[in-house]
Amino acid sequence: MKADELEDIWQAYDAKLAQSLELNIKVLEKIEGQKVRRSFIALIRFKLFAIILGIPWNAFLLFLLYYAWREPFFAISAILLVIINTYAMIEYARQIRVIRGIDVSNAISITQQQLTWLHISVIRSFRIIFLQLPLWTIFYIKVPLLMQAGWSYWIIQSLITLLFIFITIWLYRNISVKNAGSKWVKALIWEDGGKSFDKATKFMQEIEEFKKDIL
């Protein structure tokens, strides 16, 4: 057998091997892509449910505000609740759009950017939701009640509201991207996207490790 024939056979073998490796990568990407999509199914349903529930809830608050706008504590609370809820729903809609756009067959860097943005968005929307906590301690207060209330009511009401303000500030400052690796932050956002993000990240790592092993 001549040298050029051996070279042709060797090149044909290399071509078949390259095709086989490429096919294996595509099969793995398809399998892992299905895993990633399945890991986000429950999250998408939760976000959609929150949006569907949030729209009538905001409408109800605005309806009450129309009739009770003269009550300053309720009016302020209702307006802020609507703003917070609207922000959360918009963020949920953006998260759903990004999740549906994830394609593991794209460059790893692109998918990682999508997952990173999603993780940051989940943390950001989660911490914003906690801003409504103090509002639930004052929305029911009426001015005539304050005028007639004794010192005991003022003290108890002030302590409760201040406590919730302190808790809210602490949560807002500590639920952050910087603390995303801490156990308690992971536990808080676990059902709000943390679990899906963790699974998707592991799937992407499996693809990356497989490519490194065979290339």
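Okay, so the sequence shown: first residue is 137 according to the numbering used here, each after it adds one. Even glycine gets a Cβ: it sits at the ideal position worked out from N, Cα and C.
DSSP state of residue i, grouped into three classes?
| i | result |
| --- | --- |
| Trp205 | coil |
| Tyr289 | helix |
| Ile277 | coil |
| Asp239 | coil |
Cα-Cα, which of the options is closest to residue i?
| i | options | result |
| --- | --- | --- |
| Leu217 | Ile191, Ser175, Lys322, Ser288 | Ile191 |
| Glu272 | Trp287, Ile291, Leu298 | Note that residue 272 is Trp in the sequence shown, not Glu. Of the candidates Trp287, Ile291, Leu298, the one whose C-alpha sits nearest the C-alpha of Trp272 is Leu298. |
| Pro208 | Ile274, Ile177, Ser261 | Ile274 |
| Phe262 | Tyr308, Val234, Ile187, Phe300 | Tyr308 |
| Leu314 | Trp193, Ile215, Tyr223, Arg260 | Per the sequence presented here, residue 314 reads as Lys, with Leu not at that position. Closest option to Lys314, Cα to Cα, is Arg260. |
| Thr304 | Val234, Ile188, Leu269, Leu200 | Leu269 |
| Ala211 | Ile220, Ile219, Leu201 | Leu201 |
| Ala336 | Ser294, Tyr276, His255 | His255 |
| Trp193 | Trp205, Arg181, Ala214, Arg206 | Ala214 |
| Ala224 | Ile292, Ala323, Leu267 | Leu267 |
| Tyr276 | Arg181, Trp205, Phe302, Ile187 | Trp205 |
Starting from residue i, follow the alpha helix (DSSP H) in both directions and report where the run begins and ends.
| i | result |
| --- | --- |
| Val313 | Segment: none, Val313 is in no alpha helix (DSSP H) and carries neither H nor E. |
| Leu325 | Here the sequence assigns Ile to residue 325, which means Leu is not the residue at that position. Here the alpha helix (DSSP H) through Ile325 covers 319 to 325. |
Assign residue i to one of two classes, buried (16 or more other C-beta atoms within 10 Å of its C-beta) or exposed (fewer than that).
| i | result |
| --- | --- |
| Phe196 | exposed |
| Ser288 | exposed |
| Thr222 | exposed |
| Val321 | buried |
| Lys183 | buried |
| Val258 | buried |
| Ala178 | exposed |
| Ile226 | exposed |
| Phe333 | buried |
request  = Count the CB pairs spanning the stretch 226 to 238 and the stretch 251 to 267 that are closer than 8 Å, and state whether there are at least three.
outcome  = By the criterion of at least three beta-carbon pairs nearer than 8 Å, the stretch 226 to 238 is in contact with the stretch 251 to 267.
key: contact_flag[the stretch 217 to 232, the stretch 283 to 297] where n(CB pairs < 8 Å) is 3 or more   = no
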